[in-house]
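J.: The structure's right below; bear with me while I get my questions together.
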Amino acid sequence: LVAERPIDDDLWDDLEELLLQADVGVQLTDDVLERLRGEHRAGEIQSSRDLFDALQDALATALEQVAPPHELIRAGTLSAVLVVGVNGVGKTTSIAKLGAFFRQQGHSVILAAADTFRAAAIDQLKIWGERARLPVIAHQPGADPSSVVFDALSAARARAADVVLIDTAGRLHTRFNLMEELKKIRRVIDKQGVGHVSTVLVVDATTGQNAVAQAREFARATGLDGLIVSKLDGSAKGGVVFAVTREVGVPILFVGTGEKIEDISDFDPDDFVQALIG
Amino acid sequence: SLSDRLQGVFARLSSRGRVSEDDLKVALREVRIALLEADVSLRVVKQFVRAVEEKALGAEVLQGLGGAQQVIKIVHDELVEMLGGGDGGPARLNTAPNPPHAVMLVGLQGSGKTTTASKLALMLRKQGHRPLLVAADPYRPAAVTQLQTLGRQLDVPVYHAPDRKPPDLAQDAIKHAVRDGFNYVILDTAGRLVIDETMMREVAEIRRRLDPPEVLLVADAMTGQDAVRVAEQFHEQVGISGVVLTKMDSDARGGAALSLRSVAGVPIKFVGTSERADGLEAFHADRIASRILG
Ligand SMILES: Nc1nc2c(ncn2[C@@H]2O[C@H](COP(=O)(O)OP(=O)(O)OP(=O)(O)O)[C@@H](O)[C@H]2O)c(=O)[nH]1
Ligand SMILES: Nc1nc2c(ncn2[C@@H]2O[C@H](COP(=O)(O)OP(=O)(O)OP(=O)(O)O)[C@@H](O)[C@H]2O)c(=O)[nH]1
Ligand SMILES: [Mg+2]
Ligand SMILES: [Mg+2]
């Protein structure tokens, strides 16, 4: 696609295919191509090289503009990060990665094992805690997740830790009682007078258009401050994030690029778009 | 919904009598959009629309609401057929000439393999069989503990061996099953990327050594366009005999079902409908077709 070629119907078709297959979705694909066709008609795009640059630009800008930047950690106070998302997307692994990342930056991090439901969820986070050398606050399976959160925040104060990362159970946004449970967890955090609270939604890069509904519902329940896109080391492009950011207006903060503790990076819109239209 | 959109299209057509080929193309564009929005992979959408176009042209579709309904019926029937057709009935696991019958689960990270393994174990136990669960994921933290916990809750034994490579462990498990009279062996493997050659070789090796009668691709119902690549690569590199579509209790449209079925050419046998051990149902093509069409 990058080689010089005439800007004809075939090229527009190929571009449409590229975007659709990247999970950008029908509506946004149409919007982007319509805008580029307009620029082409207006003479602003002369070659296929120009077209590719314009596409790169349009997509990267879409991600930058829709959402103001958000810092998960605020200096001089306790920062809590509530990590949420549907089942199996990579919440627990992302928390381990983030914890190690923040520890490297000199922060004192505590992990809260607030998934008290799924088999071996607490064990999983404890193993990550050992590997990353981060303390894990946990109760027994079946305990009230809110009480684990309460404990973790108290522990953070007692030990003068400045970051608490909270792992929650995977939950479908369509489950009313599970979303209510999440709201309760958020209320517990708010009642603790934590200096800085963020809720981060983890979205799996292999997810299709359902990610939009996920983001909408989680935003409605607790508000969202940022996204993590996981599993971008796979073949899926994660193009649904354009529709997601348009829907909830929050920035992508990090991307997960593997199963090891170091496999996390700051989100870079240009890199992401380049890999997508690559 | 697609039905509303098609009715809208047909209401706007101005000619009389039979719908022209061009008019049909307008209607088919709506079908394409609906399927893409439902996460059916693009190349499968194209095949599907071509098949529907042939049938619609052959059916001499009429004008007006009657015509719209004709097209909807053709689309629905074609979708049911492409999903495997019929009412499905009780899903059966393939068996070997002699027990133990191995059922191997493979798929991407987080798709629901470990949970599905426990669901299959419960189903088999309730049917009067003696299943053995095998924890062949040595990588993910607490993966073995997860399966052991589930096994304990269901009163199904779990075979594991620290420091055994998965292909060796799998063979040991079969020997253990023979010795202890288990007639089904459910092998849970680690999540993997289809582009990870080493990991794909691992499951190909397990498959080669055990020759399991059933290799199930466990895939998430919310999977997007990547479904075609997942189906293709697991089928080519490992060889699968069936698919389990998990998390169908979500509101994902589930278009991945069509992509997986049409690319791998093997039946979708089960769907996961909850996190609990009893959350496994037989796949019904007509229900999934209605869901995909919205
Ligand atoms: N390849 C790859 N795998 C990942 C990534 N992030 C997580 N995983 C894997 O995805 C699987 C699920 O990860 P978890 O962290 O358990 O996901 P979760 O959201 O906590 O799952 P639940 O708590 O069950 O809802 C594991 O096998 C992880 O190793 C990533 O960025 N890349
Ligand atoms: N709601 C719902 N959740 C499910 C279903 N199947 C699995 N899950 C959940 O999805 C998450 C991932 O399930 P696992 O069984 O750990 O997935 P996995 O494929 O073994 O993950 P890896 O081993 O890391 O690749 C867990 O939170 C499960 O409870 C389902 O049918 N419905
Ligand atoms: Mg988890
Ligand atoms: Mg597993």
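Same order as they appear, the protein sequences are chains A and B.
Throughout the first sequence, residue numbering follows this note's numbering, covering 692 to 969 in sequence.
Throughout the second sequence, residue numbering follows this note's numbering, covering 32 to 325 in sequence.
C-beta atoms are modelled at their ideal positions from N, C-alpha and C, and glycine is treated no differently.
These figures come from a predicted structure and were not determined experimentally.
DSSP three-state label for B:I64, please.
T.: Three-state DSSP puts B:I64 in a helix.
J.: Taking just the CA atoms, how far does B:T176 sit from A:L844?
T.: Cα-Cα distance, rounded: 28 Å.
J.: Just by C-beta distance, which residues in the region 706-717 of chain A are closer than 8 Å to chain B?
T.: So the close ones are E708, L711, Q712, A713, D714, G716, V717.
J.: Who are the near neighbours of A:P826 in its chain, counting only those whose CB is closer than 6 Å to its CB and skipping five residues on each side?
T.: Around A:P826: I801.
J.: Assuming B:L153 is part of the alpha helix (DSSP H), what are its boundary residues?
T.: Here the alpha helix (DSSP H) through B:L153 covers 144-157.
J.: Below 8 Å, can you find three or more Cβ-Cβ pairs linking the region 204-216 of chain B to the region 131-141 of chain B?
T.: Yes, the region 204-216 of chain B touches the region 131-141 of chain B.
J.: Does the distance from the C-beta atom of B:R322 to that of B:G285 stay below 9 Å?
T.: Their beta carbons are under 9 Å apart, which means B:R322 touches B:G285 by this criterion.
J.: Give me the chain B residues within the contact set of A:L856, using Cβ-Cβ distance strictly less than 8 Å, ordered along the chain.
T.: The premise fails here: A:L856 is roughly 16 Å from chain B at the closest Cβ pair, so nothing lies under 8 Å.
J.: A:T897: which of A:D699, A:E695, A:D714, A:D705 sits nearest, CA to CA?
T.: Out of A:D699, A:E695, A:D714, A:D705, A:D714 has the C-alpha closest to the C-alpha of A:T897.
J.: Are B:T147 and B:V209 touching if we call contact CB-CB under 9 Å?
T.: Their beta carbons are not under 9 Å apart, which means B:T147 does not touch B:V209 by this criterion.
J.: Does DSSP classify B:S293 as helix, strand or coil?
T.: Note: B:S293 maps to helix in three-state DSSP.
J.: Looking at the unbroken beta strand (DSSP E) that takes in B:E245, where does it start and where does it end?
T.: It spans 245-251 - the beta strand (DSSP E) in which B:E245 sits, taken as one unbroken run.
J.: Taking the alpha-carbon positions, what's the A:A810 to B:L153 distance?
T.: The straight-line gap from Cα to Cα measures roughly 16 Å.
J.: Considering B:T220, what are the terminal residues of the alpha helix (DSSP H) in which it resides?
T.: Not the alpha helix (DSSP H): B:T220 falls in the beta strand (DSSP E), residues 215-220.
J.: Taking one C-beta from the region 304-324 of chain B and one from the region 93-113 of chain B each time, how about it: are there three or more such pairs within less than 8 Å?
T.: Segments in contact, yes.
J.: CB of A:D806 to nearest heavy atom of ligand 3: below 8 Å?
T.: Answer for A:D806: yes, Cβ within range of ligand 3.
J.: With three or more C-beta pairs closer than 8 Å as the rule, is the region 254-273 of chain B touching the region 921-931 of chain A?
T.: Counting Cβ pairs under 8 Å, three or more are found: they touch.
J.: Per DSSP, what kind of secondary structure is A:E762 in: helix, strand or coil?
T.: Looking at A:E762 - three-state DSSP - the assignment turns out to be coil, as it is neither helix nor strand.
J.: Mind checking whether the beta-carbon of B:K144 lies closer than 8 Å to any heavy atom of ligand 4?
T.: Under cutoff, so the answer is yes.
J.: Hey, does B:I105 have any beta-carbon neighbour from chain A nearer than 9 Å?
T.: Not an interface residue.
J.: How would you list, in chain order, the residues of chain A whose beta-carbon sits under 8 Å from the beta-carbon of B:I64?
T.: Within 8 Å Cβ-Cβ: V717.
J.: Would B:V189 pass as a contact of B:L151 if the rule is Cβ separation under 9 Å?
T.: Their beta carbons are not under 9 Å apart, which means B:V189 does not touch B:L151 by this criterion.
J.: Going along the chain, which residues of the region 220-242 of chain B sit with their C-beta nearer than 7 Å to a C-beta in chain A?
T.: Per Cβ criterion, the list reads L224, V225, I226.
J.: Any heavy atom of ligand 3 within a distance shorter than 8 Å of the CB on A:T783?
T.: Checking every heavy atom of ligand 3 against the Cβ of A:T783, one is found closer than 8 Å.
J.: When the Cβ atoms of the region 738-752 of chain A are set against those of the region 767-784 of chain A, are three or more pairs found closer than 8 Å?
T.: These segments do not touch.
J.: Return the Cβ separation of A:L636 and A:F933 in integer angstroms, given the expectation that the two are a contact with Cβ distance under 8 Å.
T.: Look at the range of chain A in this structure, 692 to 969, and you will see that residue 636 of chain A is not part of it.
J.: Which residues mark the beginning and the end of the alpha helix (DSSP H) in which A:A843 is found?
T.: That run of the alpha helix (DSSP H) goes 836-849.
J.: Counting C-beta neighbours from all protein chains within 10 Å, is the total for A:A904 16 or more, i.e. buried, or is it exposed?
T.: So A:A904 ends up on the buried side.
J.: With a threshold of 8 Å (Cβ to nearest heavy atom), would A:N901 be considered close to ligand 1?
T.: It does not: the Cβ of A:N901 is nowhere closer than 8 Å to a heavy atom of ligand 1.
J.: On the criterion of 16 or more Cβ atoms from any shown chain inside 10 Å, does A:Q795 qualify as buried, or is it exposed?
T.: Answer is exposed; the Cβ neighbour count stays below 16.
J.: Quick check: the Cα distance between B:R156 and B:V71, rounded to an integer number of angstroms?
T.: If I take the Cα positions, the gap works out to 35 Å.
J.: List, in order along the chain, the chain A residues whose C-beta lies closer than 8 Å to that of B:S34?
T.: Here the premise fails: no neighbours, minimum Cβ distance about 18 Å.
J.: Contact criterion: CB-CB distance below 9 Å. Does A:I818 meet it with respect to chain B?
T.: Closer than 9 Å: yes.
J.: If we call anything under 9 Å between Cβ atoms a contact, is A:I919 one with A:A805?
T.: Not in contact: A:I919 and A:A805 (Cβ atoms no closer than 9 Å).
J.: Hey, A:V858 and A:A803: beta-carbon distance below 9 Å or not?
T.: First, the amino acid is wrong: residue 858 of chain A is Asp here, not Val. Yes, they are a contact pair.
J.: At a Cβ threshold of 9 Å, is A:E938 touching chain B?
T.: Chain B contact via Cβ: absent.
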